[in-house]
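In the UniProt record's numbering, the protein residues as written are 1 to 136.
Here's the structure we're looking at; comments come further down.
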């Protein structure tokens, strides 16, 4: 949800309602829309440049960093900003145990596939040798 679009389409109507008569409530809505957008970006991206995130949120780089930092401190999202590279990472570091469990699971899948392939090849060779013996 892009804030300029929401403001252009619904702004006039919403500001006429009693709920949004106060500027503070309008700013709160703006803040919630930005926080929602950051949570959505964190779900779909593992890494994004700060420039791109800033443009998606329609904020200044400083506002983007402040909002991101506030969400990280509150525990809403996990993120790390690499300022020199200008990259925001949303992927949490995994423990060695998790990495090994994933590796072990992948190896089991691979070995299962190798075994299935081997059995299929043996069956094909056995069928071929029966055809060769019967034709001789």
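By construction, the Cβ of each residue, glycine as well, lies at the ideal position given by its N, Cα and C atoms.
- Sequence-distant partners of residue 46 (beyond 5 residues in either direction) whose C-beta falls short of 8 Å from its own C-beta, in its chain, are 89, 90 and 91.
- By the neighbour-count criterion, in which 16 or more other beta carbons inside 10 Å mark a residue as buried, residue 99 falls on the exposed side.
- From the listed residues 38, 11, 41 and 40, the smallest Cα separation to residue 27 is found for 11.
- Excluding residues up to 5 positions away in sequence, 48, 53 and 56 lie with their Cβ nearer than 7 Å to the Cβ of residue 41 in the same chain.
- The straight-line gap separating the alpha-carbon atoms of residue 123 and residue 109 is approximately 21 Å.
- If you draw a straight line from the Cα of residue 25 to the Cα of residue 82, it comes to about 33 Å.
- For residue 78, same chain residues with a beta-carbon under 6 Å away, outside a window of 5 residues either side, are 92 in chain order.
- Closest by C-alpha distance to residue 34, out of 23, 3, 132 and 95, is 3.
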